[in-house]
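Peer 1:
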Amino acid sequence: PGERGTTPRRRSTSSAGLAGLIGGLAPWQRFVLALLLFLDVALLGCMCLVMTGRVVPLFP
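Residue numbers (the numbering used here): -12 to 47.
(1) For LEU12 and PHE25, I'd like the C-alpha separation in whole angstroms.
(2) On the DSSP letters alone, give me the boundaries of the alpha helix (DSSP H) that ALA6 sits inside.
(3) Cutting at 6 Å between CB atoms, please list the residues of its own chain near THR39, excluding the five before and the five after it.
(4) Leaving out five residues before and five after PRO44 in sequence, what residues of the same chain have Cβ atoms less than 6 Å from its Cβ?
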């Protein structure tokens, strides 16, 4: 048997952090989440390019 004061830890793949959270979503919810994440990264990239002067804004 085991030592005193220790409890065995169970590893559950269904609720393991972020992967478990995303895995529990419906396919359309995963798509919307991926789309929003992509648009967020694209917007941040465009803002960085404008701030560094590598791209000129369309409406100055």
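Note that beta-carbon positions come from the ideal geometry of N, C-alpha and C, so glycine has one too.
Peer 2: Judging by the given coordinates:
(1) 18 Å
(2) Taken as a continuous stretch (DSSP letters only), the alpha helix (DSSP H) holding ALA6 covers 4 to 10.
(3) Around THR39: no qualifying Cβ.
(4) VAL37
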